[in-house]
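Novice: Counting from 27, one number per residue, gives the positions in the sequence shown under the working numbering.
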Amino acid sequence: MRLNSPKYLVTTPRAWDSGDVLLDEKHIGEQFDPREMFDTPSQRPIEVEIGVGKGTFLLQRATQRREIDFLGVEYARAYAIYTTDRVRRAQLDNVKMLCADAKQLVESQLVDDSVWRVHVYFPDPWPKRRHNRRRLIQPLFVEHVRRVLQPGGQFLLVTDHREYFEQIIRVVADAPGFARIPFPQLLEDSDHVVGTNFEKKYVKQGRPIFKTALIKYI
Ligand SMILES: C[S@@+](CC[C@H](N)C(=O)[O-])C[C@H]1O[C@@H](n2cnc3c(N)ncnc32)[C@H](O)[C@@H]1O
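1. Count the C-beta pairs between the region 134-148 and the region 182-197 that are closer than 8 Å, then say yes if the count reaches three, no if not.
2. When you compare only the Cα positions, how much space is there between Phe209 and Arg156?
3. Contact criterion: CB-CB distance below 8 Å. Does Leu175 meet it with respect to chain D?
4. Once DSSP output is grouped into helix, strand and coil, what is the label at His218?
5. Straight-line CA distance for Tyr105 to Glu51?
6. Which residues bound the beta strand (DSSP E) around Val78?
7. Should Ala205 and Leu240 be called a contact, given that it needs their Cβ atoms to be closer than 8 Å?
8. Any heavy atom of ligand 1 closer than 7 Å to the Cβ of Ile76?
9. For Asn223 versus Thr82, is the C-beta distance shorter than 8 Å?
10. Could you tell me which uninterrupted beta strand (DSSP E) segments, each at least 3 residues in length, are contained entirely in the region 66-139, listed from first to last along the chain?
11. Going by the DSSP bridge assignment, what does His145 pair with across the sheet?
12. Please work out which residues of its chain come closer than 8 Å, Cβ to Cβ, to Arg103, disregarding the five sequence neighbours upstream and downstream, and give them in chain order.
13. Taking Pro151 as the reference, which of Leu131, Val132 and Arg188 has the closest Cα?
14. Report yes if the C-beta distance between Glu75 and Gly98 is below 8 Å; otherwise report no.
15. Kindly list the residues whose CB is nearer than 6 Å to the CB of Ala201, restricted to its own chain and excluding five residues on each side of it in sequence; keep chain order.
16. Looking at Ala88 and ligand 1, is the gap between the Cβ and the nearest heavy atom below 7 Å?
17. For a test of your reading of the model: does the CB of Tyr105 fall under 7 Å from any non-hydrogen atom of ligand 1? Yes or no.
18. For Pro177, does the count of other Cβ atoms within 10 angstroms reach 16, so buried, or fall short, so exposed?
19. CB Lys129 to CB Leu175, shorter than 8 Å?
20. Would you mind stating whether Leu84 and Val121 have Cβ atoms separated by less than 8 Å?
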């Protein structure tokens with residue numbers, strides 16, 4: 027039996043076989059392993075950035091860390107396209123973009139133990155009390171971030187919003203299987219924590235920046 031005979035080859039191409047940087051929610055399956063999106067060996071680490079906006083952090087980190095694969099997630103189509111264009115122009119073959127709702131992605135689509143880092147920088151704060159429930163960082167979401175992380179994997183959060191940060195700290199303190207660690211140095215040659223557009227704008231305005239880093243233990 028020849029295993030490479032056409033009879034045994036997988037004939038249905040996945041969306042990411044096309045070489046496209048930008049993938050749409052409808053292209054991905056109900057459940058998938060993000061490591062399969064890349065042509066690189068599957069044991070390479072993968073980092074997921076949620077809400078990339080204009081992609082400044084993603085571009086900088088993926089350029090500096092070519093040995094890591096990156097999946098950027100953004101549900102605003104215009105920003106997803108904008109960042110994808112930057113990725114193409116920078117010829118970064120270690121980045122894929124997904125235009126999708128990260129809540130759905132994390133809570134039901136990413137498989138267990140598949141991601142090395144999850145980055146969430148300046149998530150929408152939904153400051154009005156009646157809108158607080160739209161915030162991304164909720165107990166169920168955090169539980170699933172832990173599920174998709176590999177043991178020893180990290181969940182990194184930064185915000186300028188004090189009250190949202192206090193909520194985040196309460197939620198993660200109650201989440202089993204996470205321990206807080208010092209926030210890692212992610213970028214070379216930068217005085218910023220993560221150097222996103224929102225961080226740069228808020229630092230100029232003199233606003234405080236709050237950050238936390240968590241590690242998944244078994
Ligand atoms: C305040 S902006 C911050 C953008 C960028 N991280 C920065 O710091 O410059 C929040 C971004 O997250 C995106 N976003 C919010 N909720 C999301 C979700 N559930 N899934 C994917 N993207 C989301 C928004 O469209 C927006 O681009």
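Even glycine gets a Cβ: it sits at the ideal position worked out from N, Cα and C.
For clarity, every value in this text was computed on a predicted model and none was experimentally measured.
Specialist: Taking the structure as given:
1. Contact between the region 134-148 and the region 182-197 is present, because at least three Cβ pairs lie under 8 Å.
2. A direct Cα-to-Cα measurement between Phe209 and Arg156 gives close to 31 Å.
3. Absent from the structure is chain D; it holds one protein chain and no more.
4. Note: His218 maps to coil in three-state DSSP.
5. The straight-line gap separating the alpha-carbon atoms of Tyr105 and Glu51 is approximately 15 Å.
6. Val78 -> no beta strand (DSSP E), and no H or E assigned at all.
7. Closer than 8 Å, so yes.
8. Indeed, a heavy atom of ligand 1 lies less than 7 Å from the Cβ.
9. Taking 8 Å as the Cβ cut-off, Asn223 and Thr82 qualify as a contacting pair.
10. Counting only runs of 3+ residues, the beta strand (DSSP E) found wholly inside the region 66-139 occupies 72-76, 95-99 and 121-125, in chain order.
11. BP columns for His145 point to Glu75 and Leu182.
12. Only Cys125 meet the Cβ criterion.
13. Here the closest residue by C-alpha is Arg188.
14. Their beta carbons are under 8 Å apart, which means Glu75 touches Gly98 by this criterion.
15. Closer than 6 Å at Cβ, skipping near neighbours: Val168.
16. Distances taken from the Cβ of Ala88 to the heavy atoms of ligand 1 include none shorter than 7 Å.
17. Indeed, a heavy atom of ligand 1 lies less than 7 Å from the Cβ.
18. So Pro177 counts as exposed.
19. No, Cβ-Cβ distance for Lys129 and Leu175 is not below 8 Å.
20. For Leu84 and Val121, yes; Cβs fall inside 8 Å.
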